[in-house]
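First the structure, in the form of structure tokens, and then the observations on it.
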Amino acid sequence: MAACLVLVATGTPSDTDLISRALRGHATALDLLVRRHYRAAYSIALAHTGSRADAEDACHDAFLRAAERLAECRDRGRFAFWLGSIVRNRARNMVTRGILRRAETLEPQMATARDNPAKDAEVAELRDRLESALGVLSPTQREVVLLHDMDGWTHSDIAATIGTSEGMSRQHLFNARRRLREVLGPNTSKEHAHE
Amino acid sequence: MNENLPADPIDLSSLDPTRDPAFEDRVSAIVRSARVGSSPPAVVDYLSRWTRPAIAAAAAIALLSAIPLLRESRQPPPRGGTTAEILGVPPGLVAIARSDRAPGVTDLAEALDVEATHGR
């Protein structure tokens, strides 16, 4: 509780601060670290496994691995990149070893958690269409479009994490969006989605 | 080319794992199962810890071994040879240089020829 109050009192703590606290045994710090980086980790995992269920498994394993090796993260300000490499390796290993769950049905929890069944069905359908459409992209294109359009990463950061130039990152994004629009149809931009 | 890039991002919010009602459970499961800092350090990390001490030890050894060399270099050069001999000037040329008369082409050729013969 005290740790939580300290974290709240200090505003938005940096990754460096959270890692130091997590290494001292503060579960709240680890909780915040996981929440902060889960979407990006999931994006990378989804890009390489191609399915939500496998991406969740890869994320779970990768976060546990990262927690075990947290002391080895030398440049704590670049934790996101360090974690990203762990997630990427874990997801690729799952694909290589063929230990994927693949086309698993939606978990019951997801289908019943909302009040509006019609809306739930609509969201589930869109999610399935997006997942299917992402399948036409290469893993790198998926990683770029997910990190950029879902988690708001800059091209500079994407280039650093996938080991390419900013120009190539932009090119991957352009190609990925074009292919996705071809598969999904025109009404897929954020403006249309919220109408 | 950027002018032709589609500006609108694709709406991927339905794939956002943090909007999933199961997200809280997933975070809790990770935090509950995590054993922070429990992994033994990798061999590379273990070795990297010794990098600085190893470099410091190597520098100390290099310094200690350089002291005798510095002392040696301060001593005067050993006597017993002329400057021309130390520099490797052919003896024939030295003799010509020491003589009072101007050397002819034949003298120079002989001096150099003798040296070339010695060289072989």
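As they're listed, the protein sequences go chains A and B.
Position 11 of the first sequence, counting from 1, maps to 11 under the working numbering, and the rest follow consecutively.
With the second sequence counted from 1, adding 1000 to any position gets you the working numbering.
Ideal placement from N, C-alpha and C gives every residue a C-beta, glycine not left out.
Spatial distance of residue i from residue j (CA atoms)
{"i": "P1103/B", "j": "V1094/B", "result": "12 Å"}
{"i": "P1091/B", "j": "T1082/B", "result": "11 Å"}
{"i": "E131/A", "j": "V1031/B", "result": "28 Å"}
{"i": "V95/A", "j": "H48/A", "result": "8 Å"}
{"i": "T16/A", "j": "R36/A", "result": "13 Å"}
{"i": "L1070/B", "j": "G1088/B", "result": "26 Å"}
{"i": "G163/A", "j": "S1073/B", "result": "52 Å"}
{"i": "R181/A", "j": "A124/A", "result": "19 Å"}
{"i": "L1015/B", "j": "E56/A", "result": "12 Å"}
{"i": "A1059/B", "j": "F81/A", "result": "35 Å"}
{"i": "P117/A", "j": "F1023/B", "result": "20 Å"}
{"i": "G167/A", "j": "V183/A", "result": "25 Å"}
{"i": "S1048/B", "j": "K119/A", "result": "55 Å"}
Local conformation of residue i per DSSP, three classes
{"i": "M150/A", "result": "coil"}
{"i": "P13/A", "result": "coil"}
{"i": "V183/A", "result": "helix"}
{"i": "D1100/B", "result": "coil"}
{"i": "T164/A", "result": "coil"}
{"i": "D1020/B", "result": "coil"}
{"i": "D75/A", "result": "coil"}
{"i": "L1069/B", "result": "helix"}
{"i": "N116/A", "result": "coil"}
{"i": "H48/A", "result": "helix"}
{"i": "A1034/B", "result": "coil"}
{"i": "A66/A", "result": "helix"}
{"i": "S138/A", "result": "coil"}
{"i": "L1015/B", "result": "helix"}
{"i": "A103/A", "result": "Caution is warranted here: a pLDDT of 49 is assigned to A103/A, below 50, making its placement in the model unreliable, and no coordinate value can be reported."}
{"i": "G84/A", "result": "helix"}
{"i": "R24/A", "result": "coil"}
Residues that residue i contacts on chain B, provided the C-beta gap is smaller than 8 Å
{"i": "F81/A", "result": "By Cβ distance, chain B contributes nothing, its closest Cβ being about 18 Å from F81/A, past 8 Å."}
{"i": "E143/A", "result": "Here the premise fails: no neighbours, minimum Cβ distance about 12 Å."}
{"i": "R197/A", "result": "In the structure displayed, chain A extends from 1 to 195; residue 197/A sits before or after that span and is not available."}
Reference residue i; option with closest CA among the options
{"i": "F63/A", "options": "N116/A, V87/A, I19/A, G50/A", "result": "V87/A"}
{"i": "A29/A", "options": "S43/A, A40/A, S14/A", "result": "S14/A"}
{"i": "R169/A", "options": "R179/A, Q141/A, M150/A", "result": "The amino acid occupying residue 169/A in the given sequence is Ser; Arg does not appear at that position. The shortest Cα separation from S169/A among R179/A, Q141/A, M150/A belongs to Q141/A."}
{"i": "I44/A", "options": "N93/A, V144/A, Q171/A, S20/A", "result": "V144/A"}
Proximal residues of chain A, C-beta to C-beta of residue i below 9 Å
{"i": "I1030/B", "result": "L30, D31, V34, Y38, C59, H60, F63, L64, A67"}
7 Å Cβ cut-off: residues of chain A touching residue i
{"i": "R1035/B", "result": "A67, E68"}
Within chain B, partners of residue i - CB distance below 7 Å
{"i": "D149/A", "result": "P1009, I1010, L1012"}
Chain-ordered neighbours of residue i on chain A, where CB pairs are closer than 8 Å
{"i": "T1018/B", "result": "R35, Y38, R39"}
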